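Under this note's numbering, the very last position in the sequence shown is 397; numbers go up by exactly one each time. The beta-carbon is built from N, C-alpha and C at its ideal position, and this holds for glycine as well. Model, not experiment: these values are computed from the prediction.
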Amino acid sequence: MGQHPLSTAIAEHYEEVSILFADIVGFTSLSARLDAIAIVNLLNRIFSRFDQLADQLGLEKIKTIGDAYMVASGLPHPRADHAEAIAEMALEMTTVMQQFGHELDIDLKLRIGINSGIVVAGVIGKKKFIYDLWGDAVNVASRMESLGEPGSIQVTETTYQLLKASYELRSRGRITVKGKGAMNTYWLVGKRAIADCPPPTLESV
193 MGQHPLSTAI
203 AEHYEEVSIL
213 FADIVGFTSL
223 SARLDAIAIV
233 NLLNRIFSRF
243 DQLADQLGLE
253 KIKTIGDAYM
263 VASGLPHPRA
273 DHAEAIAEMA
283 LEMTTVMQQF
293 GHELDIDLKL
303 RIGINSGIVV
313 AGVIGKKKFI
323 YDLWGDAVNV
333 ASRMESLGEP
343 GSIQVTETTY
353 QLLKASYELR
363 SRGRITVKGK
373 GAMNTYWLVG
383 KRAIADCPPP
393 TLESV
């Protein structure tokens, strides 16, 4: 019998991962005002800064598609603080975009979506190897981005539960997500001041 085409794929299952999708809002209209070389140079500067942040935080950049950026936390090396690390990435990315916008005097904003859960990560392809992620958790993270708002970071209930002790989040309420129905989502606002964090419980000591 011949070998199954998927049997040669290098894939691994990860139980606890946080995924971030980011998209530059209004990039299409910006592309109409700048020439192609200027656009590529701008994207390179922005994404290079994001890559530096990912390295500093120990995150795994997955890919870029046009003006979209995808990064994950908790793989290939599992970490208990995967949600916190991706939250830091999101907040830093927002700050970077504000800095670029101020420097270039243009309105640059990110729309960011985050979800946490189980994923399958793998390397596919023969001529060009691509490391990618699959699973419902990935799809929902992508929806959090596409259904978000410019300049905001939208997270799922799952991620909210992992972040609420240390970060300030604001409820958005229930939104309709394709393939999932109504979901509770939240806006990630920032990190809590130490004085705002709840005292440790007996279970956490």
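For residue i, report the span of its alpha helix (DSSP H) as first-last.
i: Leu300; result: Here Leu300 belongs to no alpha helix (DSSP H), and DSSP marks it neither H nor E.
i: Leu267; result: No alpha helix (DSSP H) contains Leu267, which DSSP labels as neither H nor E.
i: Leu354; result: Glu349 to Leu355
i: Ala401; result: Here the chain comprises residues numbered 193 to 397, so residue 401 is not present and cannot be evaluated.
i: Leu222; result: Phe219 to Arg225
Given this structure, state the Cα-to-Cα distance separating residue i from residue j, to the nearest angstrom.
i: Gln291; j: Lys301; result: 10 Å
i: Tyr359; j: Lys383; result: 4 Å
i: Glu341; j: His274; result: 24 Å
i: Pro392; j: Asp297; result: For Pro392, the predicted model reports a pLDDT of 47, less than 50, meaning its position is unreliable; a value from the coordinates is still stated below. Rounded to the nearest angstrom, the two C-alpha atoms are 45 Å apart.
i: Ala224; j: Glu337; result: 23 Å
i: Gly343; j: Lys370; result: 22 Å
i: Arg335; j: Ser210; result: 14 Å
i: His294; j: Ile304; result: 20 Å
i: Arg271; j: Glu208; result: 8 Å
i: Lys318; j: Arg237; result: 30 Å
i: Lys372; j: Phe213; result: 18 Å
i: Trp326; j: Gln346; result: 20 Å
i: Asp243; j: Lys253; result: 7 Å
i: Glu204; j: Val312; result: 6 Å
i: Leu354; j: Ile322; result: 30 Å
i: Val232; j: Ser265; result: 27 Å
i: Arg366; j: Leu222; result: 32 Å
i: Thr348; j: Arg241; result: 26 Å
Assuming residue i contacts residue j (C-beta within less than 8 Å), just tell me the rounded distance between them.
i: Leu251; j: Met285; result: About 11 Å; that fails the 8 Å criterion.
i: Asn307; j: Ala333; result: 4 Å
i: Val381; j: Leu361; result: 6 Å
i: Gly309; j: Thr368; result: Gly309 to Thr368, Cβ: 20 Å. No contact.
i: Thr220; j: Phe239; result: Contact flag wrong, Cβ pair sits at about 17 Å.
Using a threshold of 8 Å, state whether the C-beta atoms of residue i and residue j are closer than that.
i: Ile316; j: Asp324; result: yes
i: Leu249; j: Tyr206; result: no
i: Ala246; j: Val263; result: yes
i: Tyr378; j: Arg364; result: yes
i: Asp227; j: Ala260; result: no
With residue i as the anchor, note down where its beta strand (DSSP E) starts and where it stops.
i: Asp324; result: Ile322 to Trp326
i: Ser363; result: Tyr359 to Val369
Is DSSP giving residue i helix, strand or coil here?
i: Gly258; result: coil
i: Ser210; result: strand
i: Asp243; result: helix
i: Trp379; result: strand
i: His294; result: helix
i: Met193; result: Residue placement at Met193 is poorly supported in this model, since its pLDDT is 40, which falls under 50; the coordinates are not used for a value here.
i: Ser334; result: helix
i: Ser344; result: coil
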